[in-house]
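Asker:
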Amino acid sequence: MALYRAAGGKRTYAAVAADVGVTGETLRSWVRQADQQAGRSRGDEVVEGRDEELARLRAENGRLRKAEKEWELEREILRRAAAYFAREVK
Numbered sequence: 692m693a694l695y696r697a698a699g700g701k702r703t704y705a706a707v708a709a710d711v712g713v714t715g716e717t718l719r720s721w722v723r724q725a726d727q728q729a730g731r732s733r734g735d736e737v738v739e740g741r742d743e744e745l746a747r748l749r750a751e752n753g754r755l756r757k758a759e760k761e762w763e764l765e766r767e768i769l770r771r772a773a774a775y776f777a778r779e780v781k
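According to the numbering used here, numbering within the sequence shown proceeds without interruption in unit steps and concludes at 781.
(1) Could you give the first and the last residue of the continuous alpha helix (DSSP H) run that contains valine 707?
(2) Answer with buried or exposed for valine 718, where buried requires no fewer than 16 other C-beta atoms within 10 angstroms of its C-beta.
(3) Excluding sequence positions up to five away, which residues of its chain have a Cβ less than 6 Å from the Cβ of glycine 715?
(4) CA-CA distance, leucine 764 and glutamate 744?
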């Protein structure tokens, strides 16, 4: 459970469980059980996790869009260079 919580929701139950050598469902039930014993509401944790995930996904989306623009520029430069050198060879 500590490994899953340390991942901060960035890794799935299945991924963390594979590291430990148990099934994802087993780890999920352990986490749920610990939350109940600690008096945490399952819904409260999910809402907080969703907000964090939404922020993470929005940031990732922004990074990907920026990278896409850079790659489009690089492709355009390479396309023009290829056309230039193709004309020069003839």
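Backbone N, C-alpha and C define an ideal beta-carbon position, used for all residues, glycine too.
Answerer: Straight from the coordinates:
(1) Along the sequence shown, read from residue 1 onward, the residue named residue 707 stands at position 16. Residues 704-711.
(2) Along the sequence shown, one-based indexing puts residue 718 at 27. First, the amino acid is wrong: residue 718 is leucine here, not valine. Counting Cβ neighbours within 10 Å, leucine 718 comes out buried, since at least 16 surround it.
(3) In the sequence shown, counting from the first residue as 1, residue 715 sits at position 24. Once the five neighbours on either side are set aside, the close Cβ partners of glycine 715 are Tyr704, Ala705 and Ala708.
(4) Position 73 of the sequence shown, counted from the first residue, corresponds to residue 764. Position 53 of the sequence shown, counted from the first residue, corresponds to residue 744. So the two alpha carbons sit approximately 30 Å from each other.
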